[in-house]
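> Using the numbering used here, the first residue of the sequence shown is number 619, and each one after it goes up by one. Note that CB positions come from ideal geometry on N, CA and C, so glycine has one too.
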Amino acid sequence: MSIISLENEYLKVGINSHGASLVSLYSVKHNKELLWQGDKESWLGQDICVFPFVARLKDGYYTVDNKAYKMDIHGFIKDSELEILSREENTLSLIKKYDMNTLAVYPYMFDFIVSFTLIDSSIKVTYTVVNRDTTKIYYGIGGHPGFNLTYTKEDNSIDISSN
Numbered sequence: 619m620s621i622i623s624l625e626n627e628y629l630k631v632g633i634n635s636h637g638a639s640l641v642s643l644y645s646v647k648h649n650k651e652l653l654w655q656g657d658k659e660s661w662l663g664q665d666i667c668v669f670p671f672v673a674r675l676k677d678g679y680y681t682v683d684n685k686a687y688k689m690d691i692h693g694f695i696k697d698s699e700l701e702i703l704s705r706e707e708n709t710l711s712l713i714k715k716y717d718m719n720t721l722a723v724y725p726y727m728f729d730f731i732v733s734f735t736l737i738d739s740s741i742k743v744t745y746t747v748v749n750r751d752t753t754k755i756y757y758g759i760g761g762h763p764g765f766n767l768t769y770t771k772e773d774n775s776i777d778i779s780s781n
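#1: For L700, I'd like the list of residues in its chain whose CB is within less than 7 Å of its CB, leaving aside the five on either flank, ordered along the chain.
#2: So does the stretch 740-749 actually touch the stretch 647-655, counting three or more Cβ pairs closer than 8 Å?
#3: Once you ignore the five residues that flank R750 on each side, which residues in its own chain have a CB closer than 7 Å to its CB?
#4: Between V668, L629, I621 and D683, which lies nearest to P725 when the distance is taken from Cα to Cα?
#5: Less than 7 Å between the beta carbons of Y628 and V646, yes or no?
#6: Assuming G693 and V668 are in contact, meaning their beta carbons sit under 8 Å apart, how far apart are those beta carbons, in whole angstroms?
#7: Among all the DSSP beta bridges, which residues are the ones paired with G761?
#8: Distance, Cα to Cα, L622 vs K754?
#9: Does A782 come out as helix, strand or coil in the three-state DSSP assignment?
#10: Indicate whether N626 and L736 have their beta-carbon atoms separated by less than 7 Å.
#11: Please classify L721: does DSSP put it in a helix, a strand, or coil?
#12: When the distance is taken between beta carbons, is I633 closer than 7 Å to F734?
#13: Could you check where the beta strand (DSSP E) with G693 kicks off and where it finishes?
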C-alpha cells in the first residue's frame, strides 16, 4: 500500500494504491481539504473504488452458470492492491488484472484500470474494464467519494459540478 501524489498549481491529490481510492483532494487556492476525511460522529468512511458490483447482492451471492459466488458489498477492488500502469505529470493510471483470487469470487478474466487526471482545478477519474475473457462479462463500476464542503449559498467559489 502506498499513497501516490499528483499535483498542479490548483490541486494536491493523494491516491491510495490499495483500493485505488482518493485519500486527499486539497485545494491550493482555498487552502482546504475538499475530500471527506472521516468522522466518528457521522461517517468514518472515505472514497472507495466500486467494482465489480455496486451495493449489496441479494443474500450476499450471485450465480453464473449455476455456480454461486459470494461477494462483499461494493465488490473487491476496494480491498485489492493495484499496480501503477502509467504515470505522467498530471495523470496516474492504476491496474488490477484478474488472478486466482478474483476468479474465485468473480469468474471473468479482466483488466481493471482507473485513471486520475488533473485538469486545472478539477480531477477527472476514468474507469476502464478490458474484457480478457471469451464471453461477455457483467459488472457495475464507480466511485464513492464524500466531499468536505462547508460554505454558504452566497459563496460560489467552489464548483463541485460534474461533466
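Well, looking at it:
#1: S635, A638, L712, I713 and K714
#2: no
#3: Y716, M727, F728 and D729
#4: D683
#5: yes
#6: 6 Å
#7: C667
#8: Checking the displayed sequence, the identity of residue 622 turns out to be Ile instead of Leu. So the alpha carbons of these two residues sit roughly 33 Å apart.
#9: Nothing about residue 782 can be reported from this structure: the residues present for the chain run from 619 to 781 only.
#10: yes
#11: helix
#12: yes
#13: Here G693 belongs to no beta strand (DSSP E), and DSSP marks it neither H nor E.
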